[in-house]
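Numbering (the working numbering), first residue to last: 13 to 209.
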């Protein structure tokens, strides 16, 4: 359980973050609420027929489906997925350094869309949140890309980068939308939903 000062959300539910992402744990804890973390292995593949801009929500719901039978009375589960879209192509997590390098080269010097989908559910109802942001990257040199891959951990991140890391410091010129959505959880929407649950 994540111990933090319990902010009164006017709910008696126990919050469960169904994600092993360090960024999502950090962001949810930043809301000042206490929560548990539970994880399952969920296949993150999606049909080719799903529109690029709907993939994050599709995967958040898919994860929600996987956890549905584990939800106990009085619990609210949060599942999430983040995708990066550039030139109409969905970039999920890279499989290796070559894949990460190709992703970062495709993002270099151009804007791309980041969408995070969040499913919030209890035993009887579910809400899907989807938030997007546009990130403008400066042109990145091969040396900068290789440095980031060699010194950080791009392999668990959509689009092979974490905006809160070195490459975000040197590469991001502008963000249109929520920084936290790019980081992996639109906390403003999550907070509003939990408060009104």
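Virtual Cβ for every residue (Gly too), placed ideally from N, Cα, C.
All values reported here derive from a predicted model rather than from experimental measurement.
Under 8 Å between C-beta atoms, does residue i make it to chain B?
i	result
residue 136	In summary, chain B is missing from the structure at hand, where a single protein chain is found.
Would residue i and residue j qualify as a contact pair, given that the criterion is a beta-carbon distance under 8 Å?
i	j	result
residue 133	residue 173	no
residue 145	residue 90	no
residue 28	residue 88	yes
residue 147	residue 123	yes
residue 26	residue 86	yes
residue 140	residue 208	no
residue 113	residue 157	yes
residue 171	residue 35	no
residue 78	residue 100	no
To the nearest whole angstrom, what separates the beta carbons of residue i and residue j, a pair I think is in contact under 8 Å?
i	j	result
residue 105	residue 168	6 Å
residue 102	residue 67	5 Å
residue 202	residue 126	About 16 Å; that fails the 8 Å criterion.
residue 135	residue 83	5 Å
Please state the DSSP three-state secondary structure of residue i.
i	result
residue 134	coil
residue 67	helix
residue 204	helix
residue 59	coil
residue 43	coil
residue 199	helix
residue 123	strand
residue 89	strand
residue 94	strand
Less than 8 Å between C-beta atoms, sequence neighbours within five positions excluded: which residues of the same chain meet that for residue i?
i	result
residue 200	190 and 192
residue 15	Residue placement at residue 15 is poorly supported in this model, since its pLDDT is 49, which falls under 50; the coordinates are not used for a value here.
residue 111	172
residue 108	167
residue 160	116, 166, 173, 177, 178 and 179
residue 163	178
residue 24	86
Excluding the five sequence neighbours on either side, which residues of its own chain have a C-beta within less than 7 Å of the C-beta of residue i, listed in chain order?
i	result
residue 120	149, 151 and 152
residue 198	128, 130, 141, 143, 190 and 192
residue 58	67, 70 and 71
residue 183	149, 150 and 152
residue 38	none
Closer than 6 Å by C-beta to residue i: which residues in its own chain qualify, once you throw out the five before and the five after it? Chain order, please.
i	result
residue 32	51
Cβ pair count under 8 Å reaching 3, the stretch 176 to 194 against the stretch 150 to 161: With the cut-off at 8 Å, the stretch 176 to 194 and the stretch 150 to 161 touch.
Three or more C-beta pairs below 8 Å linking the stretch 91 to 105 and the stretch 38 to 46: Counting C-beta pairs closer than 8 Å gives fewer than three between the stretch 91 to 105 and the stretch 38 to 46, which falls short of the contact rule.
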